[in-house]
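To start, the structure under review is shown below, and the notes come after it.
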Amino acid sequence: MSLSATARIVADADGGLPILESDGPLAVRRTRTTGPYTRVTVVGAMSAPLGGDRLAIETDVRDGARLLVDSAAATVALPGRAAEPAAYDIRITVGDDAVLRWLPEQLVSAYGSDLRMRTTVELAPTARLVLREEQILGRHGEEPGTLVTRLTVRRAGRPLLDQELAYGPGAGGGWDSGAVLARHRATGQLLVVDPEFEDKPVEPRALAGNAVLAPLAGPAALVTVVADDALRLRRTLDEALGILAPP
């Protein structure tokens, strides 16, 4: 049986969380942190997403708030009884002078699964964002499922980034070719949006392994990585995070 669930997070500038609403397999908990951020951790309360599931997390970082969102474990997309794909939507709004660090654990596309993941971000002109995505294509020793992800970011109402990626047997031809993944099974990206980049633009450069740091047309930088495994992927993204947006 498929399920539908939406978790909600609202953060205020005083550190309060006026809305912290769990739903179904998506449990959101306020957790301790030693830094300047209010921290929320997403805890998977059951196996999900399965085929046919419709999951969503809505996050509103109000003006002046500082919010860190992470997760307790990887999200594993699994096959289900329903024939249609699962859907997982992340909808984020970040207000003026607000900061969001969105740093979940990896998304694992298990064999036989079919997931459509969509992340949509609306940023105010003075908002700052750190957003990490990591996709692991198949568990150890298995082929991946079908995974389609789309990341859309708008700043002050104008497009900043809109890209769609597709992997696995349901994707178009060439996804595993030398021009895309070249048989790597871990891929990810780090997006950093910071108004300070307007005066000090990020210089493009290659990073360790198969990674590149590139400025975007706006006060933003995007790091794209392909790696042999989750450990190498995370190490490279951590290096990039230290360069672009240290805690």
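Residue 1118 in my numbering sits at position 67 of the sequence shown; the count goes up by one each step and never skips.
All C-beta atoms in this analysis are idealised placements derived from N, C-alpha and C, irrespective of residue type, glycine included.
Neighbourhood of T1126 by C-beta, 6 Å cutoff - its chain only, sequence neighbours within 5 removed: L1158
Which residue's Cα is closest to the Cα of E1215: G1229, R1206, R1205, L1198? L1198
Buried or exposed: which applies to R1152, given that a residue is buried once 16 or more other Cβ atoms fall within 10 Å of its Cβ? buried
If we call anything under 9 Å between Cβ atoms a contact, is V1276 one with A1233? no
Distance between beta carbons of A1178 and G1308, contact taken as under 8 Å: In this structure the chain extends from 1052 to 1298, so residue 1308 is not present and cannot be described.
Just to confirm the assignment, what range does the beta strand (DSSP E) spanning T1287 have? Here T1287 belongs to no beta strand (DSSP E); instead the alpha helix (DSSP H) covers 1281-1295.
Alpha-carbon spacing of V1263 relative to P1087, whole angstroms: 29 Å
Can you tell me which of the three DSSP states E1185 falls into? strand
Neighbourhood of P1176 by C-beta distance below 8 Å, restricted to the same chain and skipping five residues each side: D1147, R1206, A1207, P1246
Please state whether DSSP places P1246 in a helix, a strand or coil. helix
DSSP beta-bridge partners of V1231: Per DSSP, none; premise fails for V1231.
CA-to-CA distance, T1200 to L1129, given in whole angstroms: 16 Å
Quick check: the Cα distance between I1141 and S1053, rounded to an integer number of angstroms? 19 Å
Mark R1236 as exposed unless 16 or more other C-beta atoms lie within 10 angstroms of its C-beta, in which case mark it buried. buried
Let me check one thing: in DSSP terms, what residues is L1158 bridge-paired to? T1126, Q1186
First through last residue of the beta strand (DSSP E) which encompasses A1138: 1137-1145
Going along the chain, which residues of its own chain have a beta-carbon closer than 8 Å to the beta-carbon of E1156, five neighbours each way excluded? D1121, S1122, A1123, A1124, A1125, T1126, E1185
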